[in-house]
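Here the structure is laid out as structure tokens; the discussion comes afterwards.
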Amino acid sequence: MKLYIKNMVCNRCKTAVKTEVEKLGLTPVAVELGEVDIKENDISAVKDTLQQNLHSLGFELIDNKKSRTIEKSRT
Numbered sequence: 142m143k144l145y146i147k148n149m150v151c152n153r154c155k156t157a158v159k160t161e162v163e164k165l166g167l168t169p170v171a172v173e174l175g176e177v178d179i180k181e182n183d184i185s186a187v188k189d190t191l192q193q194n195l196h197s198l199g200f201e202l203i204d205n206k207k208s209r210t211i212e213k214s215r216t
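Residues 142 to 216 (this note's numbering) make up the sequence shown, in order.
This is the structure we're talking about:
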């Protein structure tokens, strides 16, 4: 499953996001700017916590396609 994340602009961002994903017991397969590919197919149990943790670091989980397209063009 791919997660799209706003405001990832450097390698430190990738490391910070990967750490937060792993803290919640999710398994990141690949971490790129603006995207995290995880092994799990359902994150509903931890989605709110993930959103809060990412927000505290200055990131935002993107849910809609339009926002994903805009963010992808920035990176």
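Glycine residues also receive a C-beta, built at the ideal position from the N, C-alpha and C atoms.
Asked                                                                                 : Found
Limits of the beta strand (DSSP E) - the one that VAL172 falls within                 : 169-173
CB-CB length for LEU202 against GLU161, believed under 8 Å                            : Wrong, their Cβ atoms sit about 10 Å apart, outside the cutoff.
Minimum C-alpha distance to CYS151 - residue among GLU173, GLY166, ASN182             : GLU173
Rounded straight-line distance, which links the Cα of ILE179 to that of GLY166        : 11 Å
Where LYS207 falls, given that 16 or more other Cβ within 10 Å makes a residue buried : Because LYS207 carries a pLDDT of 49, less than 50, the predicted location of this residue cannot be relied on, and no value is offered for it.
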